[in-house]
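**Q** Following this message is one structure expressed as structure tokens.
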Amino acid sequence: MAVVYKKQLSLSPRVNYLREKVLSTQPSICTERARYYTKIYRQNEEKPLIIRRALALEETLKNMTIFIDDGELIVGNHSSKINAAPFFPEYAVKWVVDELDSFEKRSGDAFYPTEEVKQEIRELSTYWEGKTTVEKGYALMPEKYREIHESGIIRAEGNLTSGDAHIAVNDEKILKVGLNGYIEEVKEYRNRLNLAFYDDLKKDQFYKAVEIALRAFQIFIQRYADLAHKMSLTEKDQQRKKELEIISENCKHISEYPPETFYQALQLVYFVQLVLQIESNGHSLSFGRMDQYLYPFYRKDKEANLITDELVMELLECTWIKLLAIRKIRPWSHTRFSAGGPLYQNVTIGGQTADGKDAVNELSYLILRSVGNTRLTQPNLSVRFHRNISDEFLMECIKVIELGFGMPAFNNDEIVIPELIKLGVEKSDAYNYSAIGCIEIAVPGKWGYRCTGMSFINMARVLLAALNNGYDNMTGKTFHLGKGTLKDFTSFDQVMEAWKDQIRFYAKAAVAIDTAVDTVLEENVPDILCSAFVDDCLERGKTIKEGGSKYDFVSGLQVGIANLGNSLAAIKKLVFEDKLITTEELMDALENDFEGPEGERIRQLLINRAPKFGNDDDYVDLLLVEAYNVFIEELEKYRTTRYGRGPIGCKYYAGTSSISANVP
2 MAVVYKKQLS
12 LSPRVNYLRE
22 KVLSTQPSIC
32 TERARYYTKI
42 YRQNEEKPLI
52 IRRALALEET
62 LKNMTIFIDD
72 GELIVGNHSS
82 KINAAPFFPE
92 YAVKWVVDEL
102 DSFEKRSGDA
112 FYPTEEVKQE
122 IRELSTYWEG
132 KTTVEKGYAL
142 MPEKYREIHE
152 SGIIRAEGNL
162 TSGDAHIAVN
172 DEKILKVGLN
182 GYIEEVKEYR
192 NRLNLAFYDD
202 LKKDQFYKAV
212 EIALRAFQIF
222 IQRYADLAHK
232 MSLTEKDQQR
242 KKELEIISEN
252 CKHISEYPPE
262 TFYQALQLVY
272 FVQLVLQIES
282 NGHSLSFGRM
292 DQYLYPFYRK
302 DKEANLITDE
312 LVMELLECTW
322 IKLLAIRKIR
332 PWSHTRFSAG
342 GPLYQNVTIG
352 GQTADGKDAV
362 NELSYLILRS
372 VGNTRLTQPN
382 LSVRFHRNIS
392 DEFLMECIKV
402 IELGFGMPAF
412 NNDEIVIPEL
422 IKLGVEKSDA
432 YNYSAIGCIE
442 IAVPGKWGYR
452 CTGMSFINMA
462 RVLLAALNNG
472 YDNMTGKTFH
482 LGKGTLKDFT
492 SFDQVMEAWK
502 DQIRFYAKAA
512 VAIDTAVDTV
522 LEENVPDILC
532 SAFVDDCLER
542 GKTIKEGGSK
552 YDFVSGLQVG
562 IANLGNSLAA
572 IKKLVFEDKL
582 ITTEELMDAL
592 ENDFEGPEGE
602 RIRQLLINRA
612 PKFGNDDDYV
622 DLLLVEAYNV
632 FIEELEKYRT
642 TRYGRGPIGC
652 KYYAGTSSIS
662 ANVP
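Residue numbers (the numbering used here): 2 to 665.
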């Protein structure tokens, strides 16, 4: 079964050419999607929003520029050119216009729009002023929470300007029933409705929008079938001519029917990934357990001698290159917290079957090897680890890690599966979990948006407020009056009480901000295709935001966790136990940013004489556990906006994947 390699394979000339082309192409901005969405919104203002969005997606998929690059085996482009980021005006326009002349000046993640593109963005933006999710989101936030958001202690800018994603759809079902199968399912549900009832009238609009979007998706795929056929007619190279003919046949078939071959299945999965990122500006759209749902196609083709492992490798490598060419542009204030322009398109391999058996198969090895060969930042690759994983597969994973580009990551089944079951996830679903985005987890095709990545809380800022009677020295405001200042405290217990009081307030504030963001996104940018491909949205006749998914558990991100632990340990050890620093000296040093000889003396003590998180030191680790548990316990009081509307859960939990937030 194992497909073992002793050394790193070289890329084929085709894959090497495509890889280098993407890496060397200067990032730019594409206005086609914005142009078509603006046109449809203007022409259909009287129609329900969900219908407008379906029509806008239809207009885009029917008319956007498509192309097939030299040598491509997997086809489908995100925008009019390689590495061109689409402009999504319904989410935000002001920051785009404000930063138009500075995109190319960024220290990282730069874009190079032409003057013509800049001018069209300015023109299109005039229609959207006052209509975007970011403007409506700020307007909906209660004043105090809006001020907290603007202060940067809590931020949800990425959600307001980009939407959601952080999800994996039901690729297994898509491959089983095909797009025609979804259309028939929609028709069946729609025929059951009684439009005399309000709920059914709403469902009817949802089903109508889904059918429009699905048929537009079919047309989009068929356009590639037609283009490949047209290109094959004039292609002189016989091998390439045959490849184009196969691409045409594949696209023609999967535009309507379930795939019959591995090649068709992979192409359809990529098309789904592509179109969902044209529909929405969200990121962390992930593939789920690719080695599981593609394996039946692989095995069938191998047994029939229709495919070789060399071809499978090349198809996978071509897919990873296509993922890298999907670009999105963010405000600089958001970009610097997520450096490198990552879209976190995660592929999961390994793990266990529903009956607890090792799920690794031949395709698991090929996916692992192909990611190692291409050495790209996309896709994110995650391996599900468990006690019965084979040494052989584990060593192959380690060989890829040795290449030094940070993949694969590991998720531990022994911890994840029991914890999911504790949350209320059915056992069979828990055993089918996958990685989402960078390191999050969810059940693909059944879990709603944002398993993590809602609002960010800066834990260090909260601690500073706790030490200063609630005063935030970066804004000069007191958002929540505290328990006194560090100078007033005579014991470390008082420090912890001050922390607990502040973090409970900011936990509530974070949920309040999330509630405003969720409400605005639900009311203004429903994702139609993404909802269609997640259970049980079609059965319930609801989008994901309305409560269509089977499960709904959400996490924000708490950044500065290590800083929080280190700071508490330093205060306890150096101020209250060893008495090397007085409370007055520490507060003065903080207020003066450790300036002067005295500030430097105190800074050196903090660096060198206090325990540090990350060294398996219970002194600091247990302090952090105590401090963080207060936040986690506070979250138990709150529910997401989907509570009572269908999904299991609708709860918040903690999340600490701070990505590159330590830099800014």
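Backbone N, C-alpha and C define an ideal beta-carbon position, used for all residues, glycine too.
Quick caveat: nothing in here was measured; it's all calculated off a predicted structure.
Going by DSSP, what residues sit across from residue 348 in a beta bridge?
**A** 289 and 382
**Q** Quick one: Cα of residue 23 to Cα of residue 15, how far?
**A** 13 Å
**Q** Among 216, 612, 309 and 588, whose alpha-carbon lies nearest the alpha-carbon of residue 566?
**A** 612
**Q** How should residue 7 be labelled, buried or exposed, when 16 other C-beta atoms within 10 angstroms of its C-beta is the threshold for buried?
**A** Note that residue 7 scores a pLDDT of 44, beneath 50, so its modelled location is shaky and nothing firm can be said.
**Q** Please work out which residues of its chain come closer than 6 Å, Cβ to Cβ, to residue 468, disregarding the five sequence neighbours upstream and downstream, and give them in chain order.
**A** 487
**Q** Is the CB-CB distance between residue 76 and residue 326 below 8 Å?
**A** For residue 76 and residue 326, no; Cβs fall outside 8 Å.
**Q** Do you know offhand how far residue 448's Cα is from residue 430's?
**A** 10 Å
**Q** Determine, using beta-carbon pairs with one atom in the segment 128–139 and one in the segment 75–91, whether at least three such pairs fall under 8 Å.
**A** Touching, per the Cβ criterion.
**Q** Any heavy atom of the ligand COA closer than 7 Å to the CB of residue 538?
**A** Among the components of this structure there are no ligands whatsoever, and the ligand COA is therefore not found.
**Q** Residues in its own chain within less than 8 Å of residue 379 by CB, not counting five upstream and five downstream?
**A** 321, 324, 325, 327, 343, 344 and 346
**Q** Would you mind sorting residue 626 into buried or exposed? The rule is 16 or more other CB atoms within 10 Å of its CB.
**A** exposed
**Q** With distance defined between alpha-carbon atoms, name the residue in 304, 97 and 59 nearest to residue 32.
**A** Selected option, being the one with the closest Cα: 97.
**Q** So, residue 453 versus residue 167, is the Cβ gap smaller than 8 Å?
**A** yes
**Q** Out of 143, 38, 303 and 356, state which residue places its alpha-carbon closest to the alpha-carbon of residue 480.
**A** 143
**Q** Can you list the beta strand (DSSP E) stretches of 3 or more residues lying completely in the segment 457–534, in chain order?
**A** Under the rule that a run must span 3 or more residues, the beta strand (DSSP E) segments found entirely inside the segment 457–534 read 457–459.
**Q** Are residue 335 and residue 134 closer than 8 Å when you measure CB to CB?
**A** no
**Q** Look at residue 350 and residue 292 and say whether their C-beta atoms are less than 8 Å apart.
**A** If you check the CB distance, residue 350 and residue 292 come in under 8 Å.
**Q** Counting C-beta neighbours from all protein chains within 10 Å, is the total for residue 536 16 or more, i.e. buried, or is it exposed?
**A** Counting C-beta atoms within 10 angstroms of its own C-beta, residue 536 has 16 or more neighbours from the protein chains shown and is therefore classed as buried.
**Q** Let me know if residue 463 comes out buried or exposed under the rule of 16 or more other beta-carbons within 10 Å of its beta-carbon.
**A** buried
**Q** Which residue marks the beginning of the alpha helix (DSSP H) containing residue 555, and which one marks its end?
**A** According to the DSSP assignment, residue 555 belongs to no alpha helix (DSSP H) but to the beta strand (DSSP E) extending over 552–556.
**Q** How long is the line joining the alpha carbons of residue 260 and residue 289, rounded to whole angstroms?
**A** C-alpha separation (whole angstroms): 18 Å.
**Q** Would you identify the three-state DSSP class for residue 439, choosing helix, strand or coil?
**A** coil
**Q** On the CB-based measure, 16 or more other CB atoms within 10 Å of its CB, does residue 204 come out buried or exposed?
**A** buried
**Q** Leaving aside the five residues before and after residue 662 along the sequence, list all residues of the same chain whose C-beta is less than 6 Å from its C-beta, in chain order.
**A** Taken in chain order, the residues that qualify are 338 and 560.
**Q** So, helix, strand or coil for residue 353, using DSSP?
**A** In the three-state scheme derived from DSSP, where H, G and I count as helix and E and B as strand, residue 353 is classed as strand.
**Q** Output needed for residue 333: all residues of its chain with C-beta closer than 8 Å, excluding positions within five of it in sequence on either side, in chain order.
**A** Excluding residues within five positions, the ones whose Cβ falls inside 8 Å are 100, 103 and 107.
**Q** Need the endpoints of the alpha helix (DSSP H) that residue 29 sits in, please.
**A** Premise fails: residue 29 lies in the beta strand (DSSP E), 29–31, not in any alpha helix (DSSP H).
**Q** Count the other C-beta atoms from every protein chain shown that fall within 10 angstroms of the C-beta of residue 358, then say buried if there are 16 or more, exposed otherwise.
**A** Exposed.
**Q** Which same chain residues end up closer than 6 Å to residue 653 when comparing Cβ atoms and leaving out the 5 residues on each side of it in sequence?
**A** Residues of the same chain with a CB within less than 6 Å of the CB of residue 653, apart from the 5 flanking positions on each side, are 555, 636 and 639 in chain order.
**Q** When the distance is taken between beta carbons, is residue 369 closer than 8 Å to residue 419?
**A** no
**Q** Determine the burial state of residue 473: buried for a count of at least 16 other Cβ atoms within 10 Å of its Cβ, exposed for fewer.
**A** buried
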